[in-house]
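Under the numbering used here, the first residue of the sequence shown is numbered 32, with each subsequent residue one higher.
C-beta: ideal position from N, C-alpha, C; glycine also.
Computed from a prediction, not measured in an experiment: that's the story for all the values here.
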Amino acid sequence: VLYDLFVLPEFRNRNIGTSLLNHCLSFAKLRGASRIDLETSYDNTGAQKLYESLGYEKDNEFYKYSLEV
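Structure below.
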């Protein structure tokens, strides 16, 4: 599980996010993973655009639930 992958604003638009996600994909394949799931906030359109440009598909069927304790 990987939490909070991000690129600092001053380094964005340099394909760093693409490189990081491609490395994660290679690592997942090497470890025998069958799927990668990504989550982001509804208003994080930059991340959504990046994910979709790499072939990830948005899933509108499932909802995430959480409870602060």
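Out of curiosity, what's the CA-to-CA distance linking residue i and residue j?
i   : j    : result
N91 : F42  : 30 Å
Y73 : S97  : 16 Å
C55 : V100 : 31 Å
Y94 : T71  : 12 Å
N75 : F37  : 11 Å
D35 : A64  : 19 Å
V32 : P40  : 24 Å
Could you check how far apart the C-beta atoms of residue i and residue j are, in whole angstroms? I think they sit under 8 Å.
i   : j   : result
Y87 : L69 : 6 Å
Closer than 8 Å by C-beta to residue i: which residues in its own chain qualify, once you throw out the five before and the five after it? Chain order, please.
i   : result
L81 : G48, T49 and L52
A59 : I67
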